Amino acid sequence: MKTSINFKCVKDDSEVHNFRKKSYDYIRKDLTKNNEYWLGEKIAIRRNKIEQYCKEKSGRKLQKNAMPIREAVVVIKEKTTMLDLQNLAKRLEIELKIRVFQIAIHKDEGHFDKDTKEWKPNYHAHLVADWQDIETGKTLKHKSLDYVKMQDITAEVLGMERGAFGGKNRLEALEFKISKKEEELNQLQEKIDLITKELQGKSLNDLKIMKNDLLGFKHNDKVKTLENYEKVIKSLNVKLDSLNQNFKKKNEEVIKLKDNISFINNENSNLKIKNAKILTDKDFHAQEKNEYLNSVLQLFINETKYNKLRDPYKDRSSNGILLKEVQQIASKIMEKNQIPESTIDTLFSNEKVVSIISQILKPNSVNNESNENQQKRRPRFKR
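Counting from 1, position 131 in the sequence shown corresponds to residue 130 in numbering that gives the first Met the number 0; the numbering is continuous, with no gaps.
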């Protein structure tokens, strides 16, 4: 099954749609219970923080046409979990600086086949992300290869096929495009050479306009000959300029395609290194295990924050109440994400983990961003 991810400017009614705050005709209400949601922060609150941080960093207001918050629809499988999507969000932040702060998994949309009347589900997830560059305060600027990388990351993390050429096929397709572009370049170069020769080879004799005098002798009409010469040279120069511009454009296309091939070759090289590491590095599996535990911990933290955000005034005054809520959160994420109980036990055998979760659930301790990002984004007000 193929997947893809495409970010666009977030819509005004995004939260209403994503978190099912309104009933829609095209959803199956009996399947809505299968949806999953995570809200790290509301869009309006995040937008205010972005505007403040932009003014603090650059000294200017956020531009009206800026798109600091964007939303992507990601094609997923039936068994794609919130943990999978949290891992995707983590990779997008590490590699492309895109910080996802809302996720909604929708399993209640689709259509009935006209002929068979069979339900055809449309499994997908909505990712709402902060597109602000923490270093500059401005909107992130990504290159075309970054969007290629975004598709690759999504397919890799979700364990799905990429919605485009992959591996060897991608390289072959790009190489074919390059060969075609180079053919076009050669044809253009031949035309340029031909016109250049025409310009260099044209002599005044070739362009002379003759006229007969009263006695019938032919004489050169100098005025008309000069006009003709200027007209022909101008026409050839226009053609030459047009061809040179076209040549430059085609050459840039070839350079971009070759850069793309270089990028893919680097990807393939990295995969080979990773495969070799799996076979030779005895600590590799331990590293993989730690990464998995960290992913589950982050999911637990996010779910705990979401729980606190939904019900901030709930009684959490005793350890018994806190323990019960933590157990409910654990049961939910284990069931929804196929996480073994032993993994949760391993996490909570660490006193630091227990302390982190307790601090989140305690009154007046809702933190929607990492400490590092909070420190970076915290406005400095003048006294």
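Beta carbons: idealized from backbone N, C-alpha and C, even for Gly.
Model, not experiment: these values are computed from the prediction.
If the five residues before and after D112 are omitted, its C-beta is found closer than 7 Å to the C-beta atoms of K119, all from its own chain and listed in chain order. Distance check between D12 and each of P311, A124, E70 places E70 closest, using alpha-carbon atoms only. Relative to the Cα of V72, the nearest Cα in the group K238, V99, L144, D314 belongs to V99. In this model, L126 and H105 are separated by some 11 Å (Cα to Cα).
Look at the beta carbons and you see the segment 78 to 92 not touching the segment 6 to 24: under three pairs across the two are nearer than 8 Å.
In this model, P339 and M333 are separated by some 7 Å (Cα to Cα). With a cutoff of 8 Å on beta-carbon distance, E77 and K335 are scored as not near each other. With respect to A329, I343 sits close: the two C-beta atoms are nearer than 8 Å. Rounded to the nearest whole angstrom, the CA to CA distance from T31 to K148 is 32 Å. Between L360 and E324, the gap from beta carbon to beta carbon is short of 8 Å. Setting aside the 5 residues that flank it on each side, D145 is surrounded in the same chain by L95, each with a C-beta closer than 7 Å to its C-beta; the list follows chain order. DSSP places N349 outside both helix and strand once states are collapsed to three, so it counts as coil. For Y52, the enclosing alpha helix (DSSP H) covers residues 42 to 57. By the neighbour-count definition (other C-beta atoms within 10 Å, threshold 16), K307 is a buried residue.
Judged by DSSP in its simplified three-state form, G39 adopts coil rather than helix or strand. Here K48 is buried. Its C-beta has 16 or more other C-beta atoms within 10 Å. Beta-bridge partners of R69 (DSSP): C8, A128. C-alpha of D310 to C-alpha of N33: approximately 21 Å in a straight line. The continuous alpha helix (DSSP H) containing I320 extends over residues 318 to 336. F111 is bridged by DSSP to W118.
Q188 has no beta-bridge partner at all, per DSSP. Annotation for K10: H16, E70 place their beta carbon closer than 8 Å to its own, counting only its chain and skipping 5 residues before and after.
For R98, DSSP records a beta bridge to D129.
DSSP, read as helix, strand or coil, puts K140 in coil. Here the alpha carbon of E160 sits roughly 15 Å from the alpha carbon of H123.
Judged by beta-carbon spacing, N121 lies beyond the 8 Å limit of G136, meaning their Cβ atoms are not closer than that value. Counting the other Cβ atoms within 10 Å of the Cβ of A285 gives fewer than 16, which makes it exposed. Straight-line spacing of the CA atoms in V74 and S22 works out to 22 Å.
Going by DSSP, E134 is part of no alpha helix (DSSP H) at all; its letter is neither H nor E. In the structure shown, R161 falls within a strand segment according to DSSP collapsed to helix, strand and coil. Where E14 is concerned, the enclosing alpha helix (DSSP H) starts and stops at 13 to 17. For K148, the three-state secondary structure derived from DSSP is helix. Take A154, set aside five residues on each side of it, and the residues of its chain with a beta-carbon closer than 7 Å to its own are T2, E160, R161, in chain order.
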